[in-house]
Structures are given as C-alpha cells and as structure tokens.
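Asks: Just so you know, the UniProt record's numbering puts 163 at position 163 of the sequence shown, and the rest follows in order with no gaps. All residues carry an ideal CB built from backbone N, CA and C; glycine is no exception.
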Amino acid sequence: MLPAEPDDAPASPVEWIAHRGESFDAPENTLAAFNLAWARGVPAIELDVHLTADDRLVCIHDASTERTTGVDLAVKDTPLDRLRSLDAGSWKDPKFAGEPLPSLEDALATIPDGSRCFIEVKVGPEAVPALVRAVRSSGKTPDQLAVIAFNPDTIAEAKQALPEIPMYWLSGFRRDDQTGAHTTTIDELIAQARSIHADGLDLNYRGPFDADLVRKVKDAGLRLYVWTVDDPEIARRFVSLGVDGITSNRASWMRDQLSSPR
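(1) Kindly list the residues whose CB is nearer than 7 Å to the CB of Glu188, restricted to its own chain and excluding five residues on each side of it in sequence; keep chain order.
(2) Which whole-angstrom value is the C-beta distance of Ser103 and Arg56, which I expect to be below 8 Å?
(3) For Asp62, name the three-state secondary structure that DSSP assigns.
(4) Drop a sphere of 10 angstroms on the beta-carbon of Arg20, count the other beta-carbons inside from all chains shown, and report buried for 16 or more, exposed for fewer.
(5) Curious, which full-length alpha helix (DSSP H) runs of at least 4 residues does the segment 107 to 160 contain?
(6) Measuring alpha carbon to alpha carbon, tell me which of Arg116, Glu28, Trp16, Thr183 ends up nearest Ile60.
(7) Identify whether Thr185 lies in helix, strand or coil by the three-state DSSP scheme.
(8) DSSP beta-bridge partners for Gly200?
(9) Pair every Cβ in the segment 148 to 159 with every Cβ in the segment 82 to 96, then say whether three or more of these pairs are closer than 8 Å.
(10) In or out: Glu66 buried (at least 16 other Cβ within 10 Å) or exposed?
(11) Helix, strand or coil for Pro6? Go by DSSP, reduced to three states.
(12) Could you give the residue range of the beta strand (DSSP E) that holds Trp38?
(13) Helix or strand or just coil, what does DSSP make of Ala251?
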C-alpha cells in the first residue's frame with residue numbers, strides 16, 4: 001500500500017477530481033485508488049460503473065474485465081460476487097495483488113465528510129434503478145455525490161429519479177478531420193444539457209475554450225468541468241478561465257504543482 005500524504009492539502013480555486021481514483025499511483029477503480037485520493041486530501045474522486053448480471057453496479061471502466069484482471073468476462077453477463085473475486089490490482093503492480101473490483105456501495109462507503117464522488121454511468125438508463133438503490137442506501141448527502149454520463153437519456157432518467165443529486169453531461173467538441181475546425185458549438189452543448197435537465201457540462205479539455213465560452217456556460221446556469229488534464233500548464237489555463245473542476249489521473253500532484261510558486 002502506498003504511503004498516505006498529509007490531508008492538510010493546500011486550498012485550490014477549483015475542485016480537483018481524481019480520475020478513477022489516484023489512478024497514476026494505484027489501480028484504477030479500486031478501493032486502493034479511492035482511499036489514496038482521500039488520504040492525499042483530494043476533494044473528489046471519479047469512478048466508472050457497469051451493470052452486472054444480477055443488477056448491481058460494479059466499479060470498472062471497460063465492458064470486459066480482461067484489461068485490468070487478465071480474465072475475460074463480460075461484466076453484464078457476470079454476477080457481482082464473481083467479479084469481486086477477480087484480482088484487479090496485480091496488472092498495476094504486484095503490491096496491489098488481490099485488490100478486488102468493488103461494488104458502487106463499497107466505493108460510496110469510503111467518501112469522507114466534505115468530499116464527493118462523481119459516478120460515471122458507462123451504460124444506459126437501464127442502470128438507473130441500481131444507481132438509485134446504491135445512492136439511497138449509502139447515507140451520503142447530495143453534496144457528496146454527482147452523476148455523470150455520456151448517454152443523455154441516462155442523465156435525464158437519473159435526474160428524474162434523483163432530483164437532489166447534481167448531474168453533469170459528459171461530452172466534448174467534435175472536429176472536422178479535413179480542416180481541424182470544431183464542428184460542435186458550445187451553444188449546442190448548452191442546449192442539450194438543459195434539455196435533459198443536467199446541472200452542468202463535463203467536457204473533454206480539447207476544445208475552443210476561452211473566457212467567452214466559460215461565461216456562456218455560467219450564464220446558462222450550468223457548472224463546467226473538464227477532463228482529463230495531467231499537464232500543469234494546461235490546468236493553469238483552465239483555472240484562469242474559471243472552470244469549476246478539473247479531472248486528472250494525478251489529482252493530488254496537479255493540485256500541488258499549481259499551488260507551488262512557478
């Protein structure tokens with residue numbers, strides 16, 4: 001297990017979000033990665049969930065378990081207990097051998113007071129009933145949770161079922177392969193977010209971001225997050241633009257880099 005760092009972390013003008021936990025140093029989407037983020041004073045984590053064969057949500061990014069466990073199982077066809085029996089740590093480092101795939105309930109139980117978890121639903125609206133059960137049973141307050149998804153129908157249905165929980169739509173800016181010009185406008189993204197009753201946008205950082213774009217999002221009553229930023233110089237620009245949060249694979253390191261004199 002990695003040594004914890006002091007939790008008296010420096011204040012930051014943005015919400016730092018540990019992508020799949022502190023995934024640079026620990027195996028992604030495991031309790032080891034989540035707890036390392038909390039120990040290092042990161043204010044938020046992001047995790048991915050898929051629906052299992054027995055209608056539970058398990059923390060994993062891919063639809064198959066092969067990449068992170070070495071065993072090729074389709075998550076949707078496998079019960080949670082079988083998934084939990086897999087070793088999701090050794091691929092990262094032998095010291096993480098035996099680290100299991102956690103359920104969403106397992107992950108939510110780790111959230112400290114004053115911190116929050118961004119739950120990325122990797123599947124469609126069929127996951128919403130399981131999401132509701134996990135959230136309701138967690139005992140966590142609305143300010144400790146957020147739901148994110150690329151599927152707009154997932155956001156719409158989750159918001160209807162959990163109106164008190166912030167919902168942010170994951171998206172980004174498409175580009176023309178020939179000209180390199182962005183073919184998606186921020187006005188289109190704002191309109192879609194509002195149509196599904198999202199509370200904000202969570203966008204790929206590669207896009208035409210400037211002060212006017214950020215102002216448009218804020219004027220629409222939406223919050224703005226960007227992903228996945230591991231370069232301090234890029235992060236500094238987003239901080240100066242006034243985004244609400246930045247997702248990073250190295251969230252604690254990035255926070256410390258930006259808090260240190262240049």
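Replies: With the given structure in hand:
(1) Result list for Glu188: empty, nothing under 7 Å.
(2) Right, their Cβ atoms sit about 6 Å apart.
(3) In the structure shown, Asp62 adopts coil according to DSSP, grouped into three states.
(4) By the neighbour-count definition (other C-beta atoms within 10 Å, threshold 16), Arg20 is a buried residue.
(5) Considered as a whole, the segment 107 to 160 harbours 128 to 138 as its complete alpha helix (DSSP H) runs of no fewer than 4 residues, in chain order.
(6) Ranked by Cα distance from Ile60, the options Arg116, Glu28, Trp16, Thr183 are led by Glu28.
(7) Here Thr185 sits in coil by DSSP.
(8) Bridge partners of Gly200: Tyr168, Arg223.
(9) No, the segment 148 to 159 does not touch the segment 82 to 96.
(10) Classified as exposed, Glu66 has fewer than 16 neighbouring CB atoms from the shown chains inside 10 Å of its CB.
(11) Below a pLDDT of 50, predicted positions are generally treated as unreliable, and Pro6, at 41, falls in that range; no measurement from the model is reported.
(12) Segment 31 to 39 is the alpha helix (DSSP H) holding Trp38; no beta strand (DSSP E) there.
(13) DSSP, reduced to helix, strand and coil, places Ala251 within a helical segment of the structure shown.
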